[in-house]
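Residue numbers (numbering that gives the first Met the number 0), protein chains in the order written: chain A, 0 to 442; chain B, 0 to 120.
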Amino acid sequence: MSTPTEQLQLALRLALRAHHTNDADAAALIRTWPHLVEAAYDAYEHFDGSGASTPAGPIDRIAADARAIAARAETRNWPARRGPLDASLQQVTAALRRSIEVGHAGPPADQNEADRLILSTLWSTSQLAGRVMRDRAFDLRTDTGLSEIQKNEQLPAVRDMARRFNALEQLAAESLHANSRVMPAMSPQASQFRHAIASWDIQAHRALVEDRSTAVLHVLSHLEAESVKGLERFVSQTADSGIMDQVTADRLSPILSDSSASWARLRDVSAELSFSNIPVPIGLIQAGRNLQEQFSVAAAAADPNDHPQLLLGLTGHLASAVTISAAVRETIDSGELRAPAKAISRVMTEQNPGQDHTPVDPVAIQRRLTLPLNSDVRRLLDGPALRVFLDAAEAVNRSAGLDALYRSATVTASATGSGTQPTIERRSPVPMSPSAVAPPPAR
Amino acid sequence: MNISAPALSAELKRAVAHTLGLLDLVSDALRRPGRANVDAYAHFRFEGLVLLASHRGRHLVDVDDQPVADPDSSADLEHLLRTSHSQLVDELTGPEDFEVLEFVAEVGAICKEVTTYVHSH
Numbered sequence: 000m001s002t003p004t005e006q007l008q009l010a011l012r013l014a015l016r017a018h019h020t021n022d023a024d025a026a027a028l029i030r031t032w033p034h035l036v037e038a039a040y041d042a043y044e045h046f047d048g049s050g051a052s053t054p055a056g057p058i059d060r061i062a063a064d065a066r067a068i069a070a071r072a073e074t075r076n077w078p079a080r081r082g083p084l085d086a087s088l089q090q091v092t093a094a095l096r097r098s099i100e101v102g103h104a105g106p107p108a109d110q111n112e113a114d115r116l117i118l119s120t121l122w123s124t125s126q127l128a129g130r131v132m133r134d135r136a137f138d139l140r141t142d143t144g145l146s147e148i149q150k151n152e153q154l155p156a157v158r159d160m161a162r163r164f165n166a167l168e169q170l171a172a173e174s175l176h177a178n179s180r181v182m183p184a185m186s187p188q189a190s191q192f193r194h195a196i197a198s199w200d201i202q203a204h205r206a207l208v209e210d211r212s213t214a215v216l217h218v219l220s221h222l223e224a225e226s227v228k229g230l231e232r233f234v235s236q237t238a239d240s241g242i243m244d245q246v247t248a249d250r251l252s253p254i255l256s257d258s259s260a261s262w263a264r265l266r267d268v269s270a271e272l273s274f275s276n277i278p279v280p281i282g283l284i285q286a287g288r289n290l291q292e293q294f295s296v297a298a299a300a301a302d303p304n305d306h307p308q309l310l311l312g313l314t315g316h317l318a319s320a321v322t323i324s325a326a327v328r329e330t331i332d333s334g335e336l337r338a339p340a341k342a343i344s345r346v347m348t349e350q351n352p353g354q355d356h357t358p359v360d361p362v363a364i365q366r367r368l369t370l371p372l373n374s375d376v377r378r379l380l381d382g383p384a385l386r387v388f389l390d391a392a393e394a395v396n397r398s399a400g401l402d403a404l405y406r407s408a409t410v411t412a413s414a415t416g417s418g419t420q421p422t423i424e425r426r427s428p429v430p431m432s433p434s435a436v437a438p439p440p441a442r
Numbered sequence: 000m001n002i003s004a005p006a007l008s009a010e011l012k013r014a015v016a017h018t019l020g021l022l023d024l025v026s027d028a029l030r031r032p033g034r035a036n037v038d039a040y041a042h043f044r045f046e047g048l049v050l051l052a053s054h055r056g057r058h059l060v061d062v063d064d065q066p067v068a069d070p071d072s073s074a075d076l077e078h079l080l081r082t083s084h085s086q087l088v089d090e091l092t093g094p095e096d097f098e099v100l101e102f103v104a105e106v107g108a109i110c111k112e113v114t115t116y117v118h119s120h
């Protein structure tokens, strides 16, 4: 009789083995992924009776996104909802399920180890899925079995999924780094900062799944636009105080500025389709405000030992912006997003000024009903939503330079050995004055 | 900066060192002339992955303490790599440093690339 920990170890081994045993069918991977994440989440919930895990941790965040992927399976162009599942990921799913079954006799001895095994499994499988999506995006162009129309339909969907899985991989990786044994212990301030980021991610996904209204889209876009502005200031502060190197900060700042403008554009378009008297989940607003506040205070008050955690939190937030914007696009594409009939009528009349009849059922307007957005109105949101997604994905790419910074902090901490206070190397911009340049060698 | 290798079990160190020897063979094979028909981008991507894994693996083990293995270059490289990856996976228990997981995942991806390469040429 195996133990829960052994089953979780088996799940991780199968996930790592899948890198070479996998059939590399991108569509099958996407269909299987939500089942795997659901099993991982169930195991995480099942073993979390002692409350040892941090609330709203990375597993909750990955699960929130997987639910969004599953919820839109019906309306997505690619992959088709029905089709084969991936055998290697199904084996991982079965091992995760089995850990719950054998866990009824007793929970794992070490809760943190169990969480780490589950998260490592999610990291490994998301990395595999991301790699297969990238390869599929390259192979698709030369696939002789598909018509040009099919290729043109599939290629953007495959690329978007590759970006999304890249973000999920980063999300899992930053958390594995953050909870590494060699990382300095997190202070209460750093913990609050990371908790604010995780809460925002969860609340945003939850709001999009539970309340498909343009009012939610409007408020979410507004809060994202403001929090990205806060993030931009945070990056500037971290560069000034030597937490982040100036080169990475200079690469990140322009894309964060673009990202904030993109969210603001989506906010403005969705505002045209929503009325202020429609209620929006208060948890979403509170999470957004809390995140903005954390961005404004975290860098200034940070203890040097918290610097790697701040950088990891930043990476995690950029990754969640990708998954949130992907969920936003899918909500729009699904045709389930609703707006007041009067607002739809107004926008459509503005779009087609010559039309002599109202484009929306007058009874629905009279009764103050909400209606699903039709394709003409959805098209108005498509462009800004795509821009938001692409900017978020580019910001994740540009944050790759941070990897070396928190890794070196980890290495320095581990090199000092246990029982001593780890020191974090200060990273000030290198002055480019003539005195800093070495003289040429004498002939 | 003082860079220290993460603490690994003796078996895992041996498995990493053995894999590093195989990665050297893959790297040599990729640099051999006569690959004019190979997609340049795919070749570059594959070589980059091998270099990355090789570099990471050399950080994981101290090569003075655990010399890189010198495998038989005439043996079936595809089979050796798959066996080596399976051995790495078997030696893992979970709480190892994240870098170890990254290395194992990269080796798995290289196995897949080698298999694809062998079957398409």
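Just so it is clear, CB atoms sit at the ideal spot from N, CA and C, and this is done for glycine as well.
Three-state secondary structure (DSSP) at P32 (chain B)? Here residue 32 (chain B) is taken as the residue at index 33 of the second sequence, counted from 1. Coil.
Cα-Cα separation between H103 (chain A) and G82 (chain A), rounded to whole angstroms: For the purposes of this step, residue 103 (chain A) is taken as the residue at position 104 of the first sequence. For the purposes of this step, residue 82 (chain A) is taken as the residue at position 83 of the first sequence. Distance between the alpha carbons of H103 (chain A) and G82 (chain A) is about 34 Å.
Check the Cβ-Cβ distances between E173 (chain A) and every residue of chain B, and say whether any is below 7 Å. The sequence position of residue 173 (chain A) within the first sequence is 174, counting from 1. No, its Cβ sits nowhere closer than 7 Å to a Cβ of chain B.
Are any of the Cβ atoms in chain A nearer than 7 Å to that of L76 (chain B)? In the second sequence, residue 76 (chain B) corresponds to position 77, counting from 1. L76 (chain B) does not count as touching chain A.
Can you give me the C-alpha to C-alpha distance between A399 (chain A) and L255 (chain A), rounded to a whole angstrom? Taking the first residue of the first sequence as 1, we reach residue 399 (chain A) at position 400. Taking the first residue of the first sequence as 1, we reach residue 255 (chain A) at position 256. Approximately 14 Å, taken between the alpha carbons.
I'd like to know whether the C-beta atoms of A136 (chain A) and V157 (chain A) end up nearer to each other than 7 Å. In the first sequence, the residue the question calls residue 136 (chain A) occupies position 137. In the first sequence, the residue the question calls residue 157 (chain A) occupies position 158. Cβ distance < 7 Å, so A136 (chain A) and V157 (chain A) count as in contact.
Output yes if chain B places a C-beta closer than 7 Å to the C-beta of E112 (chain A); else output no. Taking the first sequence and counting its residues from 1, the one referred to as residue 112 (chain A) is at position 113. So, interface residue.
Please report the distance separating the alpha-carbon of D114 (chain A) from that of T115 (chain B). Residue 114 (chain A) sits at position 115 when you count from the first residue of the first sequence. Residue 115 (chain B) sits at position 116 when you count from the first residue of the second sequence. About 34 Å.
Spell out whether any CB of chain A is found under 7 Å from the CB atom of K111 (chain B). Against the second sequence, residue 111 (chain B) aligns to sequence position 112. With 7 Å as the cut-off, K111 (chain B) counts as an interface residue toward chain A.
Nearest residue (CA-CA) to A38 (chain A), options A:A326, A:S98, A:E225 and A:T330: Reading the first sequence from its first residue, position 39 is the one you call residue 38 (chain A). Per the Cα distances, A:S98.
What span of residues does the beta strand (DSSP E) with T92 (chain B) cover, start to end? Residue mapping note: residue 92 (chain B) aligns to position 93 of the second sequence, counting from 1. Looking at the DSSP string, T92 (chain B) is not in any beta strand (DSSP E), and its letter there is neither H nor E.
Tell me whether P33 (chain A) sits in a helix, a strand or coil according to DSSP, three-state version. Counting from one through the first sequence, the residue named residue 33 (chain A) turns up at place 34. Three-state result, P33 (chain A): helix.
May I ask you to list the residues that DSSP assigns as paired with S258 (chain A)? Translated into the one-based positions of the first sequence, residue 258 (chain A) becomes position 259. According to DSSP, which records beta bridges pairwise, S258 (chain A) is partnered with nothing at all.
Quick one: grab the DSSP three-state call for R337 (chain A). Here residue 337 (chain A) is taken as the residue at index 338 of the first sequence, counted from 1. Correct three-state label for R337 (chain A): strand.
Under a Cβ-count criterion, where at least 16 other Cβ atoms within 10 Å of its own Cβ denotes burial, should E100 (chain A) be classed as buried or exposed? In the first sequence, residue 100 (chain A) corresponds to position 101, counting from 1. Its Cβ having fewer than 16 others within 10 Å, E100 (chain A) is exposed.
If V106 (chain B) sits next to A52 (chain B), beta carbons under 8 Å apart, how far is it from one beta carbon to the other, in whole angstroms? For this step, residue 106 (chain B) is matched to residue 107 along the second sequence. For this step, residue 52 (chain B) is matched to residue 53 along the second sequence. That pair is a contact at about 6 Å.
Measuring alpha carbon to alpha carbon, tell me which of A:S146, A:A108, A:A17 and A:E168 ends up nearest A108 (chain B). Position 109 of the second sequence, counted from the start, is the residue given in the question as residue 108 (chain B). If we check each option's Cα against that of A108 (chain B), A:A17 comes out closest.
Can you give me the Cβ contacts of A68 (chain B) inside the same chain, cut-off strictly under 6 Å, excluding the 5 residues immediately before and after it? Here residue 68 (chain B) is taken as the residue at index 69 of the second sequence, counted from 1. Result list for A68 (chain B): A16, H17 and G20, in chain order.
Within its chain, find whatever has a CB closer than 6 Å to the CB of F294 (chain A); leave out the 5 residues flanking it on each side and keep chain order. Sequence index remark: in the first sequence, residue 294 (chain A) carries index 295 (1-based). So the list reads G229, L230 and F233, once near-sequence residues are dropped.
With a threshold of 7 Å between beta carbons, is Q169 (chain A) in contact with chain B? Within the first sequence, residue 169 (chain A) is the residue found at index 170, counting from 1. Chain B, which has no Cβ nearer than 7 Å to the Cβ of Q169 (chain A), makes this no.
Just verifying my parser: in three-state terms, what is the DSSP assignment at T124 (chain A)? Locating residue 124 (chain A) in the first sequence gives position 125, where the first residue counts as 1. T124 (chain A): helix per DSSP, three-state reduction.
Output yes or no for whether 7 Å exceeds the beta carbon distance between Q191 (chain A) and T314 (chain A). If you number the first sequence from 1, residue 191 (chain A) lands on position 192. If you number the first sequence from 1, residue 314 (chain A) lands on position 315. The answer is no: Cβ separation not under 7 Å.
Have a look at A69 (chain A) and S87 (chain A) and give me their C-alpha separation to the nearest angstrom. Position 70 of the first sequence, counted from the first residue, corresponds to residue 69 (chain A). Position 88 of the first sequence, counted from the first residue, corresponds to residue 87 (chain A). Taking the straight line from one Cα to the other gives about 19 Å.
Here's a check: name, in chain order, each residue in its chain whose Cβ is nearer than 7 Å to the Cβ of K12 (chain B), leaving out the five neighbours to either side. On the second sequence, residue 12 (chain B) is found 13 positions in, with the first residue counted as 1. Cβ neighbours of K12 (chain B) beyond the five flanking positions: V60 and Q65.
State the DSSP-derived secondary structure class of P361 (chain A), mapped to helix, strand or coil. Stepping through the first sequence from its first residue, residue 361 (chain A) is reached at position 362. DSSP, reduced to helix, strand and coil, places P361 (chain A) within a helical segment of the structure shown.
Is L370 (chain A) helix, strand or coil when you go by DSSP? Residue 370 (chain A) sits at position 371 when you count from the first residue of the first sequence. L370 (chain A): strand per DSSP, three-state reduction.
Do the stretch 235-247 of chain A and the stretch 194-203 of chain A meet, that is, are 3 or more Cβ pairs less than 8 Å apart? No, they do not touch.
Would you say L368 (chain A) and A340 (chain A) are within 7 Å of each other, going by their C-beta atoms? Translated into positions along the first sequence, residue 368 (chain A) becomes position 369. Translated into positions along the first sequence, residue 340 (chain A) becomes position 341. Contact flag set, yes.
Rounded to whole angstroms, what is the Cα-Cα separation between V113 (chain B) and E77 (chain B)? The residue given as residue 113 (chain B) occupies position 114 in the second sequence. The residue given as residue 77 (chain B) occupies position 78 in the second sequence. Using only the alpha carbons, I get a separation of about 6 Å.
Chain B within 7 Å of S261 (chain A), Cβ atoms only: Position 262 of the first sequence, counted from the start, is the residue given in the question as residue 261 (chain A). Chain B contact via Cβ: absent.
Hey, could you find the ends of the alpha helix (DSSP H) F192 (chain A) is sitting in? Residue 192 (chain A) sits at position 193 when you count from the first residue of the first sequence. Note, F192 (chain A): alpha helix (DSSP H), P187 to E209.
Identify each residue in the stretch 105-138 of chain A for which the Cβ-Cβ distance to at least one residue of chain B is less than 8 Å, and report them in chain order. Hits within the stretch, in order: E112, R115, L116, S119, W122, S123, Q126, L127, R130 and F137.
Would you please state the rounded distance, in angstroms, between the beta carbons of A214 (chain A) and S273 (chain A)? I believe it to be under 8 Å. Looking up residue 214 (chain A) in the first sequence gives position 215. Looking up residue 273 (chain A) in the first sequence gives position 274. Going by Cβ atoms, the distance from A214 (chain A) to S273 (chain A) rounds to 4 Å, so yes, they are a contact pair.
Chain A within 7 Å of F97 (chain B), Cβ atoms only: Against the second sequence, residue 97 (chain B) aligns to sequence position 98. At least one chain A Cβ lies under 7 Å of F97 (chain B).
Alpha carbons only, please: which of A:E349, A:D360, A:G382 and A:G282 is nearest the one belonging to V218 (chain A)? Within the first sequence, the letter at position 219 stands for residue 218 (chain A). When each option's Cα is compared against that of V218 (chain A), the closest is A:G282.
Please determine if the stretch 72-91 of chain B and the stretch 35-49 of chain B are in contact, where contact requires at least 3 C-beta pairs separated by less than 8 Å. no
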